[in-house]
Amino acid sequence: MATIKVASTDDWKDDAFERLRAGRLVAFPTETVYGLGAHAKDEAAVRRIFEYKGRPLDDPVIVHVHSVAAARALVDLSDDESVVFEALASSCWPGPLTIVSTAQPDVPLVVRADGPTVGVRVPSNSTARALLEHTNVPIAAPSANTFGHVSPTTADHVFADLGSHDILIIDDGPCDVGVESTVARVHNRAVTVLRRGGTSVEALKAAVETCPWAVEVSVKVGVGPSSLAPGQHLKHYAPGNAPAFVVRSEAEVEIVAESVAVPLGECGVLDIGGNLAGLRGRVRHYHDLTAEGDTTVAARGIYAGLRGLEAHALSAILLPDVSGLASSLHGPDSKSLDDKLFRASQGRYAMIRSGSAITDVQ
Numbered sequence: 001m002a003t004i005k006v007a008s009t010d011d012w013k014d015d016a017f018e019r020l021r022a023g024r025l026v027a028f029p030t031e032t033v034y035g036l037g038a039h040a041k042d043e044a045a046v047r048r049i050f051e052y053k054g055r056p057l058d059d060p061v062i063v064h065v066h067s068v069a070a071a072r073a074l075v076d077l078s079d080d081e082s083v084v085f086e087a088l089a090s091s092c093w094p095g096p097l098t099i100v101s102t103a104q105p106d107v108p109l110v111v112r113a114d115g116p117t118v119g120v121r122v123p124s125n126s127t128a129r130a131l132l133e134h135t136n137v138p139i140a141a142p143s144a145n146t147f148g149h150v151s152p153t154t155a156d157h158v159f160a161d162l163g164s165h166d167i168l169i170i171d172d173g174p175c176d177v178g179v180e181s182t183v184a185r186v187h188n189r190a191v192t193v194l195r196r197g198g199t200s201v202e203a204l205k206a207a208v209e210t211c212p213w214a215v216e217v218s219v220k221v222g223v224g225p226s227s228l229a230p231g232q233h234l235k236h237y238a239p240g241n242a243p244a245f246v247v248r249s250e251a252e253v254e255i256v257a258e259s260v261a262v263p264l265g266e267c268g269v270l271d272i273g274g275n276l277a278g279l280r281g282r283v284r285h286y287h288d289l290t291a292e293g294d295t296t297v298a299a300r301g302i303y304a305g306l307r308g309l310e311a312h313a314l315s316a317i318l319l320p321d322v323s324g325l326a327s328s329l330h331g332p333d334s335k336s337l338d339d340k341l342f343r344a345s346q347g348r349y350a351m352i353r354s355g356s357a358i359t360d361v362q
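Residue numbers (the UniProt record's numbering): 1 to 362.
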């Protein structure tokens, strides 16, 4: 059974230290989401992460460290790569950026999904930093939830998914950023974004503007796992009580034989910026993350909002099409939100017609 300890006290530090050294797991807060951590150099402990989460071994995990020097000890960089790595680290760390580079040989293959690279980052959350500094070990940690489920942004979310396992959960309240770190690879004279997250593409470009390297985006969707970065599976961040759909206009949704009409009275809505406000009062449950369309606020609340819908008996969950809202939203990179909602819906769409949500697949 999991144990929860409050971060504002110091009595968790020695417990966490002993657990990690003994090959046991610790769930801890970061600025992005809560992570399920193991000593990154302890292969058996890292495999326990995959076991507890039900995570496939072809999905790599990110290694968290307390300093740039500790991160560099895990990667093998050319001279050119070192310059760009340092530029990104100087500008974006501590913070929600994971840098993927060629791994040192002593990084266990299970951490990197048998691939040649490893993702490393220095988190900004004060409790995460205290954990990393006190234990002085690299911590491999994906999100602390069951695989494919909505990511956890509170200790209660972690306990709901993993409470039956032998885990220490450090409770530091809700996460500040609320979505995963951006994952970017430094390779072949380019910084390639593999997963959108808490650091915008614009911030990456600003970080390397003095380097003759391009910043590219290569986010894969629906093509299976990748040994380079986590979060590539189509089904991710998905609520467990009902299928989710992104609402689009009638012209954008193909009506196929398998389409199903779900009465709006059986649907729940998680909205951003009032995009689906016309459904308020017609659906079973409606919640707008930010009426003002603030992407920072929306990101901070998106996973708690999706988990909140699980408390309602619903036949379908309707989500806004963020890709069509760019002009009405304000704040950092809305494309990260679009990615999370697309994966929560598993790429499924719906349109509204005559009191029903017409879904493209059930």
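Think of the CB as a built atom: it goes at the ideal place given N, C-alpha and C, for glycine as much as any other residue.
The model shown is predicted, which means the values in this text are computed figures rather than measured ones.
Task: Continuous alpha helix (DSSP H) assignments of at least 4 residues falling wholly in the segment 311–352 - done: 334–344
Open item on the list: Distance check for residue 320 and residue 235, CA to CA, integer angstroms please.
Closed with: So the alpha carbons of these two residues sit roughly 17 Å apart.
Task: Test item: CB-CB of residue 36 and residue 44 under 7 Å - done: Their beta carbons are not under 7 Å apart, which means residue 36 does not touch residue 44 by this criterion.
Task: Which listed residue (109, 244, 316 and 85) has its alpha carbon closest to that of residue 68 - done: 85
Open item on the list: Could you check whether the segment 189–196 touches the segment 206–220, counting it as contact only if at least three pairs of C-beta atoms, one from each stretch, sit closer than 8 Å?
Closed with: yes
Task: Distance, residue 207 Cα to residue 121 Cα - done: 16 Å
Task: Contacting residues, own chain, Cβ-Cβ under 6 Å from residue 300 (five flanking each side not counted) - done: 178
TODO: Rank 31, 57, 30 and 61 by C-alpha distance to the C-alpha of residue 38 and give the top, closest one.
DONE: 61
Task: Bridge partners - residue 171, DSSP secondary structure assignment - done: Residue pairing from DSSP places residue 171 in a beta bridge opposite 6.
Open item on the list: For a test of the three-state rule: what should DSSP assign to residue 245, helix, strand or coil?
Closed with: strand
Open item on the list: Any contact between the segment 269–288 and the segment 301–321? By contact I mean 3 or more CB pairs, one from each, below 8 Å.
Closed with: yes
Open item on the list: Taking DSSP's pairing of strands, which residues face residue 28 in a bridge?
Closed with: 35
TODO: With a threshold of 16 other CB atoms inside 10 Å of the CB of residue 318, please say whether the residue is buried or exposed.
DONE: buried
- [ ] Measure the Cβ-Cβ separation of residue 64 and residue 139 and say whether it is below 7 Å.
- [x] yes
TODO: Reducing DSSP to helix, strand and coil, say where residue 49 ends up.
DONE: helix
Task: residue 171 versus residue 135: straight-line alpha-carbon distance, rounded - done: 18 Å
- [ ] Measure how close the beta-carbons of residue 75 and residue 118 come, nearest whole angstrom, since I'm counting them as under 8 Å.
- [x] 6 Å
TODO: Could you spell out where the alpha helix (DSSP H) holding residue 163 opens and where it closes?
DONE: It is not in any alpha helix (DSSP H) - residue 163 carries neither H nor E in the DSSP assignment.
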